[in-house]
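Trainee: The structure that follows is given in the form of structure tokens.
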Amino acid sequence: MSYTSLIQHFKRMAEGYLPEEPYYGEMRPTPRDTIASQIRAYSTNPNPDQSPQKPLKDIIYTESAVCIPLYQAPSNRIGPSPSFEDATLEIIYTLRKQHLSHGGQISFPGGRLDPNEKSEQAVAREIEEELSIKAETVELIGELPTFYLHHSKHKITPFIAWLHDIESMNACPNEVDEIIRVPHEQLLDTKRIKMEQWTLRNQIYNVPFYYIHRVPLWGATAMITAEWLRFYQTLIANKNG
154 MSYTSLIQHF KRMAEGYLPE EPYYGEMRPT PRDTIASQIR AYSTNPNPDQ
204 SPQKPLKDII YTESAVCIPL YQAPSNRIGP SPSFEDATLE IIYTLRKQHL
254 SHGGQISFPG GRLDPNEKSE QAVAREIEEE LSIKAETVEL IGELPTFYLH
304 HSKHKITPFI AWLHDIESMN ACPNEVDEII RVPHEQLLDT KRIKMEQWTL
354 RNQIYNVPFY YIHRVPLWGA TAMITAEWLR FYQTLIANKN G
């Protein structure tokens, strides 16, 4: 499958994509307050009343958008234009500066929408600000379902972005400590999913995370990553079906 064919396939799959509920639950931290909650930590929907799929009443959510940047690292093969199978698919993350909210954590490029800004515009702006990648080299090929972080009152829309060129990529010195390029196959390796107990908001939580860096990949970014992987596996199954 060529790059062009792959992108077109992504676009077709992303149109109207909505997995069967529940979703965004696989990598969600859950309180360790009872035996039942420990069991729910391994469930795809730990708490239906606090589901990330639906807003809660009486909460005003801040709208945010993030981007899942995909890049096809070229192979060393000599010959015709390389195909999807001949190259390494990568996801690009950032390690946030300590002074920012969620400082020192791995995240996707993105952030809050500016006044009168659309989600797609926010994503393009944030990619350029955080990674110095020009908007014209970024192709938005779809989006995953919007979800809600109730404790921080954020509504997040994740976009899938194809990076055609990363030559100009450079970490914004005020926002990004490190650009992290992760081979896609590492994220598909279930042995890299770990579980620890952390104290969050004065409560002990069971926290699942991806072990792909010295800093754990957890929280909202891990939840989005897991949902992306579900979408990707559906795409590949349809391609081969």
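The numbering used here applies: residue 154 is where the sequence shown begins, and numbers increase by one.
Every residue gets a Cβ at the ideal spot worked out from N, C-alpha and C, and that includes glycine.
This structure is a prediction, so every number in the text was calculated from the model and none was measured.
1. For Leu-223 versus Leu-284, is the C-beta distance shorter than 8 Å?
2. Let me check understanding here. Comparing Cα to Cα, which of Ile-212, Tyr-214, Glu-243 lies closest to Pro-227?
3. Should Pro-326 go down as buried or exposed, given a rule of 16 or more other Cβ atoms within 10 Å for buried?
4. Using DSSP's beta-bridge definition, name the partner residues of Arg-334.
5. Alpha carbon to alpha carbon, how far is Gln-206 from His-303? Give it in angstroms, no decimals.
6. I need the straight-line Cα distance from Glu-331 to Lys-344, nearest angstrom please.
7. Evaluate Met-348 with the Cβ neighbour count: other Cβ atoms within 10 Å of its Cβ, from every protein chain shown; 16 or more gives buried, anything less gives exposed.
8. Locate the alpha helix (DSSP H) running through Glu-279, then write down its first and last residues.
9. Which residues in the same chain as Lys-164 place their Cβ atom closer than 8 Å to its Cβ, once the five residues preceding and following it in sequence are excluded?
10. I need the DSSP call for Met-348, collapsed to helix, strand or coil.
11. Taking DSSP's pairing of strands, which residues face Gly-396 in a bridge?
12. How many Å lie between Gly-372 and Tyr-246 at the Cα?
13. Does the distance from the CB of Ala-218 to the CB of Gly-178 come in under 8 Å?
14. With DSSP collapsed to three states, give me the class of Ile-389.
15. Just mark Glu-279 as buried or exposed, buried being the case when its beta carbon has 16 or more other beta carbons within 10 Å.
16. By how many angstroms is the C-alpha of Pro-298 removed from the C-alpha of Ser-272?
17. Note down, in chain order, each residue of its chain lying with its Cβ closer than 8 Å to the Cβ of Pro-361, except the 5 sequence neighbours on either side.
18. To the nearest angstrom, report how far apart Ile-213 and Lys-287 are at their CA atoms.
19. Quick one, which of Ile-259, Ser-260, Gln-274 has its alpha-carbon nearest Leu-266's?
20. Beta carbon of Leu-382, beta carbon of Leu-353: below 8 Å?
21. Which same chain residues, not among the five before or five after Tyr-364, have their C-beta less than 7 Å away from its C-beta?
22. Would you call Asn-359 buried or exposed, if buried means 16 or more other Cβ atoms sit within 10 Å of its Cβ?
23. When you compare only the Cα positions, how much space is there between Leu-388 and Thr-215?
24. I need the straight-line Cα distance from Gln-386 to Pro-336, nearest angstrom please.
Mentor: In brief:
1. No, Cβ-Cβ distance for Leu-223 and Leu-284 is not below 8 Å.
2. The shortest Cα separation from Pro-227 among Ile-212, Tyr-214, Glu-243 belongs to Glu-243.
3. Flag for Pro-326 reads exposed.
4. Bridge partners of Arg-334: Ile-245.
5. When rounded, the separation of the alpha-carbon atoms in His-303 and Gln-206 is 10 Å.
6. Each residue's alpha carbon lies about 24 Å from the other.
7. Exposed, since its Cβ has fewer than 16 Cβ neighbours within 10 Å.
8. Glu-279: member of the alpha helix (DSSP H) spanning 272-284, first to last residue.
9. Listed in chain order, the non-local C-beta contacts of Lys-164 below 8 Å within the same chain comprise Ile-294, Gly-295, local neighbours out to five positions each way being set aside.
10. Reduced to three states, the DSSP call for Met-348 is strand.
11. Here the chain comprises residues numbered 154 to 394, so residue 396 is not present and cannot be evaluated.
12. In this structure, the alpha-carbon of Gly-372 lies about 14 Å from that of Tyr-246.
13. Against a cut-off of 8 Å, the Cβ pair of Gly-178 and Ala-218 comes out as no contact.
14. In the three-state reduction of the DSSP assignment, Ile-389 falls in the helix class, which pools H, G and I.
15. Flag for Glu-279 reads buried.
16. If you take the alpha carbons of Ser-272 and Pro-298, they lie about 13 Å apart.
17. Hits under 8 Å: Glu-179, Met-180, Arg-181, Pro-182, Ala-194, Ile-346, Lys-347, Met-348, Trp-371, Ala-375.
18. Going from the Cα of Ile-213 to the Cα of Lys-287 covers about 33 Å.
19. For Leu-266, the nearest C-alpha among the options comes from Gln-274.
20. The answer is no: Cβ separation not under 8 Å.
21. The answer, listed in chain order, is Arg-345, Lys-347.
22. By the neighbour-count rule (16 or more Cβ atoms within 10 Å), Asn-359 is buried.
23. Cα to Cα, Leu-388 sits roughly 31 Å from Thr-215.
24. Looking at the two C-alpha atoms, the distance is approximately 15 Å.
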